[in-house]
Amino acid sequence: MSQLQEQVQLFWKAVLKDPFPYWVGGILLGFLNVVHFVSTGGAWGITGHLAHWGSWTIEKFGAAPAAWVYYAENSKLLKQLQGGFLHDGGSLLDVGIVAGAFVAALLASQFRLKKIRSFKQAGFAAVGGLLMGYGARISFGCNIGAFFSGIASMSLHGWVYAVFIFVGAYIGSKILYRYLLD
Amino acid sequence: MAEYTLDAMGEACPVPLLRTEKKMKDLAVGDVLIVEVDHSCAMKNVPEWARKEGHIVDLEEIDEGHWEIIIEKAK
Chain A
328 MSQLQEQVQL FWKAVLKDPF PYWVGGILLG FLNVVHFVST GGAWGITGHL
378 AHWGSWTIEK FGAAPAAWVY YAENSKLLKQ LQGGFLHDGG SLLDVGIVAG
428 AFVAALLASQ FRLKKIRSFK QAGFAAVGGL LMGYGARISF GCNIGAFFSG
478 IASMSLHGWV YAVFIFVGAY IGSKILYRYL LD
Chain B
135 MAEYTLDAMG EACPVPLLRT EKKMKDLAVG DVLIVEVDHS CAMKNVPEWA
185 RKEGHIVDLE EIDEGHWEII IEKAK
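Residue numbers (my numbering), protein chains in the order written: chain A, 328 to 509; chain B, 135 to 209.
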């Protein structure tokens, strides 16, 4: 194999297979965040749009979430709800995150279907996920909408969030040690 | 010099790292621990932690998305 071929192989391994160093990820996130803000005029968020998915689903079964305080008192959220899935850029971005992760795993040849290891861990994960989703909605933001976008826009709430990430991680690791590790 | 294995297949962060930390306490200097993971974030944070602790670390991808992290306790 020629030297050039070797260089090209090393390059693709670094780009597609090896995990990026944290600073590369940070620069990419910062750059894409600017692109997002310039092109949409708003900050990036995840869970607000996921909540719409739930609302659109129960609308099919006759519920009227548009009348709820959550939507009725927030014109931006109400507009997104009434616009529907295909007109909600954030919903499409959420799909893009999953699709992008899937493609990245395939390109790195690391895609793998995993077995559920323990139903105890899976149960805790499901309960934790529900609590995170519920918490993200009553506080109007997850670690992207509230933390990442908050700090990027120099808002105090992002920094308050950062402090409590450590509090939450501390309590979470105590629970893990106490109940989940054998 | 004993060799131990830790099966962390199917476990998500931070469980493989916490279990590795716990298991390393049982090893004597010179012993080797092989941690099996199939979670790409564990393939990064477990070797990172072990190197920071001063151990000798080797990482092998033995199948698509399936890694063995080989840690030799150095101190």
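Quick reminder that beta carbons are idealized off the backbone N, C-alpha and C, glycines included.
Determine the DSSP secondary structure at residue i, reduced to helix, strand or coil.
i              : result
H200 (chain B) : strand
D192 (chain B) : strand
E145 (chain B) : coil
I205 (chain B) : strand
L355 (chain A) : helix
P348 (chain A) : coil
N401 (chain A) : coil
R439 (chain A) : coil
L508 (chain A) : coil
A370 (chain A) : coil
F388 (chain A) : coil
W380 (chain A) : helix
K406 (chain A) : helix
V342 (chain A) : helix
K157 (chain B) : helix
V163 (chain B) : coil
G375 (chain A) : helix
Contact criterion: CB-CB distance below 7 Å. Does residue i meet it with respect to chain A?
i              : result
R185 (chain B) : no
E198 (chain B) : yes
K178 (chain B) : yes
E145 (chain B) : yes
D172 (chain B) : yes
Give the range of the alpha helix (DSSP H) segment to which residue i is assigned.
i              : result
E137 (chain B) : Unbroken run through E137 (chain B) is the beta strand (DSSP E), E137 to D141; no alpha helix (DSSP H).
E182 (chain B) : S174 to K186
V78 (chain B)  : Lying before the first or after the last residue shown, residue 78 (chain B) is absent from chain B, which here runs from 135 to 209.
I465 (chain A) : F446 to I465
I424 (chain A) : G416 to L434
S500 (chain A) : L483 to I502
G472 (chain A) : Here G472 (chain A) belongs to no alpha helix (DSSP H), and DSSP marks it neither H nor E.
Should residue i be flagged as near chain B, meaning a C-beta pair shorter than 7 Å?
i              : result
L356 (chain A) : no
P346 (chain A) : yes
L337 (chain A) : no
L343 (chain A) : no
L508 (chain A) : yes
Interfacial residues, the stretch 419-452 of chain A to chain B, with Cβ spacing under 9 Å: A432, A435, S436, Q437, F438, R439, K441, K442, I443, R444, S445, Q448 and A452
Residues from the stretch 150-167 of chain B in contact with chain A, defined by Cβ distance under 9 Å: L152, R153 and K156
Give the residues from the stretch 478-503 of chain A that approach chain B closer than 8 Å (Cβ to any Cβ), ordered along the chain. S500 and L503
What residues in the stretch 406-419 of chain A bring their beta carbon closer than 7 Å to a beta carbon of chain B? Listed by position along the chain: nothing, the set is empty.
Sufficient close CB pairs (3 or more, under 8 Å) joining the stretch 486-505 of chain A to the stretch 381-397 of chain A: In short, these stretches do not touch, since the Cβ pair count stays below three.
Given 8 Å, three or more beta-carbon pairs between the stretch 185-201 of chain B and the stretch 426-446 of chain A: yes
Does the structure place the stretch 380-387 of chain A close enough to the stretch 347-366 of chain A that three or more beta carbon pairs sit under 8 Å? Not touching, per the Cβ criterion.
Evaluate contact between the stretch 362-370 of chain A and the stretch 338-354 of chain A, counting only Cβ atoms and requiring at least three cross-stretch pairs below 8 Å. no
Per the contact definition of three or more C-beta pairs closer than 8 Å, is the stretch 396-404 of chain A in contact with the stretch 448-458 of chain A? With contact defined as three or more Cβ pairs closer than 8 Å, the stretch 448-458 of chain A and the stretch 396-404 of chain A are not in contact.
Three Cβ pairs or more, each shorter than 8 Å: is that satisfied between the stretch 156-175 of chain B and the stretch 138-146 of chain B? yes
Meets three-Cβ-pair contact criterion under 8 Å: the stretch 464-476 of chain A and the stretch 369-385 of chain A: yes
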